[in-house]
Amino acid sequence: MSVLTGNATIIDPHDVSEYLAMFARLERLAVRGEILKDLLDQIARDHRNLG
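The sequence shown begins at 1 in the UniProt record's numbering and counts up by one.
This is the structure:
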């Protein structure tokens with residue numbers, strides 16, 4: 001598993017369970033498909049308008 005400061009190997013069953021639950025929550029919040037495309041288009045427009 002990669003983390004911001006390097007690599008970590010999580011093997012403790014409780015810790016693995018916590019990470020699985022966390023990633024399941026993140027997966028439910030993820031933006032996909034046409035909504036993602038629209039969001040990225042808006043971010044690109046906003047970024048171009050900064051300069």
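Virtual Cβ for every residue (Gly too), placed ideally from N, Cα, C.
DSSP, read as helix, strand or coil, puts glycine 51 in coil.
Secondary structure note for alanine 24: its alpha helix (DSSP H) is the uninterrupted segment 13-29. Excluding the 5 residues flanking it on each side, leucine 39 has same chain C-beta neighbours closer than 7 Å at Val31, in chain order.
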